[in-house]
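Engineer:
Numbering (the numbering used here), first residue to last: 1328 to 1485.
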């Protein structure tokens, strides 16, 4: 699969800081967006959560942003889609699995960063990558290594 995020998490602390800030700014709602890079000029794209119940789900109504995401994924660019789980764990929910996978594989060729949050802080993060042999997204890296690469402690407030 092309489009894997290049490098290890320690190589992209500035991206993680932006993602963490976006998640914290939107608590108790889910935050979502994507990051392209880091080998390219970095691109951070926060998206507006237009879900009916944004505390429990996310939906993206920005057709232009989704077309751009589709174009970048189709071109094999390294993309990470991120979203937070307020009051939840840093893992795929059943709703996430249904949204991001099909019987034929992943919906888009990208990695996922999922953040588990409390009412006031991001407490855990997991980078998930598609495993073709298992036909599902699996954890590639997990907190504390991801959060430590930003220089922040677990539960830190930005």
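Where is the CB? At the ideal position from N, CA and C, for every residue including glycine.
Report the residue from 1440, 1424 and 1441 whose alpha carbon sits nearest the alpha carbon of residue 1433.
Structural biologist: What you label residue 1433 is simply residue 106 of the chain shown in a count that begins at 1. The option with the nearest alpha carbon to residue 1433 is 1424.
Engineer: Can you give the Cα-Cα distance for residue 1467 and residue 1453, rounded to whole angstroms?
Structural biologist: As a first step, residue 1467 must be located in the chain shown, where it is residue number 140. As a first step, residue 1453 must be located in the chain shown, where it is residue number 126. Approximately 7 angstroms, taken between the alpha carbons.
Engineer: Hey, out of 1389, 1400 and 1455, whose CA is closest to residue 1469's CA?
Structural biologist: As a first step, residue 1469 is located in the chain shown; it is residue number 142 there, counting from the start. Answer by Cα proximity: 1455.
Engineer: Within 10 angstroms of the Cβ of residue 1472, are there 16 or more other Cβ atoms? Answer buried if so, exposed if not.
Structural biologist: By one-based count along the chain shown, residue 1472 stands at place 145. Annotation note: pLDDT 48 at residue 1472 (below 50); position unreliable, no value reported.
Engineer: Grouping DSSP H, G and I as helix and E and B as strand, with all else coil, what is residue 1329?
Structural biologist: Reading the chain shown from its first residue, position 2 is the one you call residue 1329. Because residue 1329 carries a pLDDT of 46, less than 50, the predicted location of this residue cannot be relied on, and the following value inherits that uncertainty. Looking at residue 1329 - three-state DSSP - the assignment turns out to be coil, as it is neither helix nor strand.
Engineer: Residue 1423 by DSSP, collapsed to three states: which one?
Structural biologist: Translated into positions along the chain shown, residue 1423 becomes position 96. Collapsing the DSSP output to three states places residue 1423 in a helix.
Engineer: Looking at the structure shown, is residue 1347 part of a helix, part of a strand, or coil, going by DSSP?
Structural biologist: Start at 1 with the first residue of the chain shown, and residue 1347 comes out as number 20. Here residue 1347 sits in helix by DSSP.
Engineer: Is residue 1430 helix, strand or coil by DSSP?
Structural biologist: In the chain shown, counting from the first residue as 1, residue 1430 sits at position 103. The answer is coil: DSSP assigns residue 1430 none of H, G, I, E or B.
Engineer: Classify residue 1481 as buried or exposed, calling it buried when 16 or more other Cβ atoms lie within 10 Å of its own Cβ.
Structural biologist: Locating residue 1481 in the chain shown gives position 154, counting from the first residue. Confidence at residue 1481 is low in this model, with a pLDDT of 46, below 50, so the placement of that residue is unreliable and no value is reported for it.
Engineer: Near residue 1388, what residues of its chain come up, given a Cβ to Cβ distance below 6 angstroms and the 5 sequence neighbours on each side ignored?
Structural biologist: The count along the chain shown starts at 1 and reaches residue 1388 at position 61. Hits under 6 angstroms: 1377.
Engineer: Under 7 angstroms Cβ to Cβ from residue 1392, same chain only, skipping five residues before and after it: list those, please.
Structural biologist: Translated into the one-based positions of the chain shown, residue 1392 becomes position 65. So the list reads 1372 and 1374, once near-sequence residues are dropped.
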